[in-house]
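Inspection log for the structure reproduced underneath, given as structure tokens.
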Ligand SMILES: Cc1ncc(C[n+]2csc(CCOP(=O)(O)OP(=O)(O)O)c2C)c(N)n1
Ligand SMILES: [Mg+2]
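Chains as they are written, first to last, in our numbering: chain A, 377 to 844; chain G, 240 to 611.
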């Protein structure tokens with residue numbers, strides 16, 4: 377029986393890839409474990425191994441083909457006793473190196489690769505935030521991914537200040553588990569880009585101690601899920617020491633890494649810790665959405681004399697945004713940003729949910745509802761003024777947060793509206809969050825558990841007393 | 240629950256030994272200088288390989304092959320988008336789980352490990368269908384599709400997971416051992432962790448308490464030489480993991496984790512010692528993972544030649560196959576076994592692809608036990 381070799385998904389987020397190189401040719405004998413081809417994903421070049429024995433029959437996708445969708449038949453393998461030259465694949469679109477990617481997409485889109493869309497697919501958003509008024513008009517803008525923006529922020533600060541160094545798991549030789557520290561080892565060497573063992577509690581403490589000793593560490597957590605091992609040092613050692621020492625001991629440290637849900641990694645790897653850290657006096661908590669804020673606020677965080685928890689989002693790393701081409705793009709900590717102006721309802725948000733809030737605002741605009749979207753950017757200290765100013769304009773407010781509803785940032789914003797904006801309110805404040813359960817693995821349940829643009833729009837209609 | 244491999248009758252049986260394998264006196268608290276880190280290793284070295292008969296060899300072969308084929312299939316389903324998230328394959332390390340678990344007493348002992356857990360479950364005879372169905376996130380999966388590859392459990396088999404946080408299983412295993420001791424049920428806990436996990440502080444906190452309280456626990460370090468992209472020598476000041484319990488007076492053993500007979504023998508010695516009420520043992524199993532850390536690891540930190548060398552010269556399945564052929568088992572018979580296992584795995588994959596996803600209402604079940 378001929379075996380179809382299909383374009384594999386080589387990472388949780390991969391949808392298509394480049395067939396960089398064939399390491400076998402038609403007629404070659406292969407056994408399980410042989411590397412057949414090299415495939416490039418958005419993050420890396422991976423080897424594609426055979427799991428079967430047989431003879432390579434036809435190669436259907438040539439070397440160099442880009443945008444090959446996951447699941448496309450790329451070659452056929454003849455099994456034992458079969459004539460390799462005679463095997464033919466089941467009819468399927470065979471993209472060639474010349475065929476435009478669009479065409480392939482159209483051909484493949486009918487065949488869903490998983491029975492249900494996973495929850496994180498719906499966290500994708502195309503809507504772009506409005507220009508940041510902090511950036512002087514006429515500044516040249518460049519397109520940058522969030523991943524690159526974060527790396528550039530660290531590199532620039534490391535060039536400026538000898539005391540700044542990066543440490544964490546896989547940050548140096550591996551170039552970062554999510555490639556955020558790519559290239560830093562090469563430029564700054566192992567003294568300033570330090571690979572640690574898997575010992576979060578230990579290196580969070582060492583980082584904090586190094587900050588006490590006058591350095592400016594950037595501690596990367598592979599994800600914030602693993603920072604729970606280390607949260608004692610973040611809270612008890614980093615956050616409180618300045619206070620306890622009567623202002624003698626400064627802890628200028630940045631704890632950074634991805635936070636929030638990732639794709640299909642289930643409960644232990646999918647949490648939003650923003651409310652946890654934002655409840656701690658003595659910490660600064662920043663959670664940017666776009667590349668401009670990621671860069672400008674990370675630079676500010678590194679310069680800050682207080683300990684900063686800097687929450688990124690893995691699903692946003694690959695998104696590109698306009699970033700000001702400035703020698704020193706530094707943004708103010710503690711200031712929210714209006715990413716879309718509107719007059720009927722305010723949607724307060726941060727991190728990945730900002731994209732969803734913008735999408736919801738787009739939909740609402742089509743229905744005649746003008747939504748203002750506020751990206752909090754800094755979660756502690758919270759920009760109360762920005763929230764209340766917008767509320768004074770719209771008199772209606774909802775909060776969109778990719779995280780649990782209970783004791784959330786959304787709860788905190790609601791409290792601010794009750795305490796200081798009660799007279800401004802024309803409707804109750806609503807929280808739009810994930811379901812209040814640990815994140816499940818199954819694609820359909822993950823889909824149900826997570827926030828999306830539809831739910832945000834629905835809540836906005838509700839506070840505007842409009843039917844969808 | 241159905242056993243995966245075609246026969247289970249070959250499971251090695253042995254009478255529980257009456258006396259501990261080594262002199263516990265050498266490890267008394269007063270022992271001072273006499274504390275012998277290598278006391279168990281010495282008895283192991285006298286006779287490293289478990290003298291398996293043909294049926295036992297076949298059983299080991301079947302179990303390891305089942306894991307290998309299952310994992311290859313899982314890799315393929317991942318490539319097709321049917322499995323999502325992180326998926327850590329056990330290919331190359333089969334001899335460790337099979338060798339150790341076959342030396343446990345079923346129904347008495349407990350097992351706990353990290354996220355690279357498919358092999359340990361298969362070695363326990365858990366139905367490959369419900370494991371595969373968990374990987375594809377279906378209701379028939381062992382965690383109803385809610386846990387996925389990294390979070391699988393079977394209380395029926397005293398398999399306590401399946402944990403996604405590196406090192407977390409070690410103190411949890413300590414707690415399982417405490418429960419064995421507390422209930423005086425004669426069981427022990429076997430806890431597996433990686434060379435990378437071996438650097439977590441909680442491991443040493445557990446070592447101390449386990450030794451202090453003489454908990455019935457065996458710590459098994461699966462040293463596959465890498466923690467993601469970090470080789471052992473780049474992360475560890477002491478790369479001989481069997482010595483890591485020295486400060487806590489835990490005897491250490493080291494076995495070739497690519498030889499199921501050595502692993503089984505080392506397991507027997509350690510388990511006997513622990514059952515004798517002597518407290519914990521630490522075993523280091525040197526092994527190797529052939530695939531990337533998870534499915535999205537480009538594995539640029541090692542050469543293709545390095546992987547090829549292990550595959551060609553140290554493969555645990557090829558090793559036992561050679562033993563079988565030497566024992567006079569016909570090659571045809573082994574081919575038949577492979578065929579059967581491929582069929583078992585194909586059936587598991589079909590089941591995992593075709594069985595339904597959890598009902599939406601499952602989103603809210605199992606959060607709490609009670610209603611309040
Ligand atoms: C506390 C924590 N830190 C980091 C991670 C990310 N991570 C998952 S597996 C892994 C490597 C572990 O290596 P090792 O213990 O040698 O086990 P192996 O994967 O080789 O079986 C890392 C860093 C995690 N899951 N938990
Ligand atoms: Mg390892």
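From the three backbone atoms N, C-alpha and C, an ideal C-beta is built for every residue, glycine too. The structure presented is a predicted model; accordingly, all values stated were derived computationally and were not measured.
In this chain, residue 427 of chain A is not harboured by any alpha helix (DSSP H), its DSSP state being neither H nor E. A distance below 8 Å between beta-carbons, with the five flanking residues on each side excluded, links residue 677 of chain A to the following residues of its chain, in chain order: 630, 632, 660, 662, 684, 686, 709. Contact between residue 745 of chain A and residue 725 of chain A fails: their C-beta atoms lie close to 16 Å from each other, not under 8 Å. In chain order, the residues positioned with their C-beta nearer than 6 Å to some heavy atom of ligand 2 are G:433, G:434, G:435, G:463, G:465, G:466.
Inter-residue distance for residue 706 of chain A and residue 679 of chain A is about 10 Å (C-alpha atoms, whole angstroms).
Going by DSSP, residue 517 of chain A is part of the beta strand (DSSP E) stretching over 517-521.
Relative to ligand 1, the nearest heavy atom lies less than 7 Å away from the CB of residue 602 of chain A. At a Cβ-Cβ threshold of 8 Å, residue 438 of chain G and residue 475 of chain G count as neighbours.
In this structure the segment 750-768 of chain A lies against the segment 778-792 of chain A, because at least three pairs of beta carbons, one per stretch, are closer than 8 Å.
Excluding five sequence positions before and after residue 694 of chain A, the CB atoms of its chain that fall closer than 8 Å to its own CB belong to 389, 418, 521, 522, 523, given in chain order.
Listed along the chain, the chain A residues whose CB falls inside 7 Å of the CB of residue 610 of chain G amount to none; the nearest CB is some 15 Å away. Residue environment for residue 405 of chain A: exposed (fewer than 16 other C-beta atoms within 10 angstroms of its C-beta). Looking only at G:568, G:607, G:554, G:483, the smallest Cα-Cα distance to residue 276 of chain G is reached by G:483. For the C-beta of residue 458 of chain G, not a single chain A residue is nearer than 8 Å; the gap to the nearest is close to 16 Å.
Secondary structure note for residue 326 of chain G: it is in no alpha helix (DSSP H), with a DSSP letter that is neither H nor E. Below the 7 Å Cβ cutoff, chain G contributes 438, 439, 440 as neighbours of residue 575 of chain A, in chain order. Taking residue 606 of chain A as reference, the option from A:454, A:586, A:574 with the minimal CA-CA separation is A:574. For residue 473 of chain G, the chain A residues whose C-beta falls within less than 9 Å of its own C-beta are 549, 571, 573, listed in chain order. Residues of chain A whose Cβ lies closer than 8 Å to the Cβ of residue 599 of chain G are, in chain order, 820, 821, 824.
Around residue 390 of chain G, the beta-carbon contacts reaching into chain A at under 9 Å are 642, 643, 644, 817. If you draw a 10 Å sphere on the C-beta of residue 441 of chain A, you find 16 or more other C-beta atoms in it, and that means buried.
The C-beta of residue 381 of chain A has 16 or more other C-beta atoms within 10 Å across all chains shown, which makes the residue buried. Looking at the DSSP output, residue 633 of chain A bridges to A:687.
Annotation: the segment 431-486 of chain G contains the following complete segments of the alpha helix (DSSP H) (minimum length 4 residues), in chain order: 440-451, 471-474.
Cβ-Cβ distances below 8 Å link residue 450 of chain A to 381, 382, 383, 395, 413, 435, 436, 437, 444 in the same chain, with the five nearest sequence neighbours on each side left out; the list follows chain order.
Taking a contact as a CB-CB distance under 8 Å, the pair residue 330 of chain G and residue 530 of chain G counts as one, their CB atoms being some 5 Å apart. Residue 767 of chain A is outside the set of residues whose beta carbon lies under 8 Å from a beta carbon in chain G. For residue 668 of chain A, not one C-beta of chain G is nearer than 8 Å to its own C-beta. About 7 Å separates the beta carbons of residue 721 of chain A and residue 774 of chain A, which is inside the 8 Å limit, making them a contact pair. Runs of the beta strand (DSSP E) spanning 3 or more residues and lying entirely within the segment 793-841 of chain A occur at 806-808, in chain order.
When secondary structure is reduced to three states using DSSP, residue 696 of chain A falls in the strand class.
Chain-order list of chain A residues neighbouring residue 362 of chain G: empty, with the shortest C-beta distance near 21 Å, by a criterion of under 9 Å. In summary, the residues of the segment 379-391 of chain A whose CB is separated from some CB of chain G by less than 7 Å are 382, 384, 385, 386, 387, 388, in the order they occur in the chain. Checking the DSSP bridge columns, you'll see residue 493 of chain G partnered with G:523. Going by DSSP, residue 368 of chain G is part of no beta strand (DSSP E) but of the alpha helix (DSSP H) stretching over 367-374.
Secondary structure note for residue 350 of chain G: its beta strand (DSSP E) is the uninterrupted segment 349-351.
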